[in-house]
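In what follows, a structure is listed as structure tokens, so that the remarks can point back to it.
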Amino acid sequence: MNKRVKAFTIMEITVAMLISAIVIGITYAAFNIVNQSYRSFQHKNEDIAVLMRLDELLRNDFSKADMISKTTNGIFIKKGSDSITYAFEPGFTVRTSSIIDTFKVTMQGLVTGFEAVPITMVNPVTEQNRIDELEYSVLFENEKIPYYYRKQYSSADLIERNPNAVN
110 MNKRVKAFTI
120 MEITVAMLIS
130 AIVIGITYAA
140 FNIVNQSYRS
150 FQHKNEDIAV
160 LMRLDELLRN
170 DFSKADMISK
180 TTNGIFIKKG
190 SDSITYAFEP
200 GFTVRTSSII
210 DTFKVTMQGL
220 VTGFEAVPIT
230 MVNPVTEQNR
240 IDELEYSVLF
250 ENEKIPYYYR
260 KQYSSADLIE
270 RNPNAVN
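The sequence shown begins at 110 in the numbering used here and counts up by one.
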């Protein structure tokens, strides 16, 4: 009784293993490509989120500020009983209020002004450092993105600027 066991030949198993290896290799390569694309997308979105958060905070602080003044390395914002300091350093910006935020952004061309007159130097008198404009550019992925903020002061705020002024 010559019974043969039904089985695959070595050649068939080798071909099946070769096809499996090719499919696994292609799947692994595709997974790596998708994974790298997702990481790049995630990194870019994190960088954009930092820019948007800094822009949102500056806009909010400018609109609600009672007074904004220039400091040696940034600006000082007075909002009621609160005070906020922005320090613009090479490669990052630090916002100090009740908490400290650090934004990793590369700013260029920081310009401050009051009533369309640029303020380049810090005066010893705080009131003379008052600004109503802040302009700068951010270098993001080799592109310059301009930002501009303007504060519209009320007449009550500006009367403090000159104590000899008459209503």
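Glycine included, C-beta positions come from ideal geometry on N, C-alpha and C.
Less than 8 Å between C-beta atoms, sequence neighbours within five positions excluded: which residues of the same chain meet that for Ile135?
Locating residue 135 in the sequence shown gives position 26, where the first residue counts as 1. Excluding residues within five positions, none has a Cβ falling inside 8 Å.
Which residue from Glu198, Thr194 and Phe223 puts its Cα closest to that of Ile209?
Here residue 209 is taken as the residue at index 100 of the sequence shown, counted from 1. When each option's Cα is compared against that of Ile209, the closest is Thr194.
In this structure, how does DSSP classify Asp191 when only helix, strand and coil are distinguished?
Position 82 of the sequence shown, counting from 1, holds the residue named residue 191. DSSP places Asp191 in strand when its eight states are reduced to three.
Hey, Asp279 and Ile186 are a contact pair by Cβ (cut 8 Å); roughly how many whole angstroms apart?
This structure cannot speak to residue 279, because the chain is shown only from 110 to 276.
In whole angstroms, what separates the C-alpha of Glu155 from that of Phe212?
On the sequence shown, position 46 is the one that residue 155 refers to. On the sequence shown, position 103 is the one that residue 212 refers to. A straight line joining the alpha-carbon of Glu155 with that of Phe212 spans about 11 Å.
For the stretch 212-274, list the beta strand (DSSP E) runs that are entirely contained and at least 3 residues long, ordered along the chain.
Entirely contained in the stretch 212-274, the beta strand (DSSP E) runs reaching 3 residues are, in chain order, 215-223, 242-249 and 252-259.
Please confirm if the stretch 232-252 is in contact with the stretch 175-192, defined as three or more CB-CB distances below 8 Å between the two stretches.
They touch, by the three-pair rule.
Considering only the beta carbon of each residue, do Met216 and Thr229 sit closer than 8 Å?
For this step, residue 216 is matched to residue 107 along the sequence shown. For this step, residue 229 is matched to residue 120 along the sequence shown. It is not a contact, given that the beta carbons lie outside the stated cut-off.
Provide the residue span of the beta strand (DSSP E) that contains Lys179, from first to last.
Mapped onto the sequence shown, residue 179 falls at position 70. Lys179: member of the beta strand (DSSP E) spanning Met176 to Lys179, first to last residue.
Reduced DSSP secondary structure (H/G/I, E/B, other) of Arg113
Working through the sequence shown from its first residue, we reach residue 113 at position 4. Residue state for Arg113 is assigned as coil, using DSSP reduced to three classes.
Starting from Gly183, follow its DSSP beta bridges and name the residues at the other end.
Along the sequence shown, read from residue 1 onward, the residue named residue 183 stands at position 74. For Gly183, which the question treats as bridged, DSSP gives the partners Ala196.
Residue range of the unbroken beta strand (DSSP E) whose run includes Thr205:
Translated into the one-based positions of the sequence shown, residue 205 becomes position 96. Segment Phe201 to Thr205, the beta strand (DSSP E) holding Thr205.
Comparing alpha-carbon positions, which option in Arg168, Phe117 and Ala138 lies nearest Tyr257?
Start at 1 with the first residue of the sequence shown, and residue 257 comes out as number 148. The shortest Cα separation from Tyr257 among Arg168, Phe117 and Ala138 belongs to Arg168.
Have a look at Glu224 and Val143 and give me their C-alpha separation to the nearest angstrom.
On the sequence shown, position 115 is the one that residue 224 refers to. On the sequence shown, position 34 is the one that residue 143 refers to. Rounded to the nearest angstrom, the two C-alpha atoms are 52 Å apart.
Comparing C-alpha positions only, which one of Arg204, Glu198 and Glu252 sits nearest to Arg162?
Against the sequence shown, residue 162 aligns to sequence position 53. It is Arg204.
Suppose contacts are defined by Cβ-Cβ distances below 8 Å. Is Phe197 in contact with Leu219 by that definition?
As a working note, residue 197 is residue 88 in the sequence shown. As a working note, residue 219 is residue 110 in the sequence shown. Their beta carbons are under 8 Å apart, which means Phe197 touches Leu219 by this criterion.
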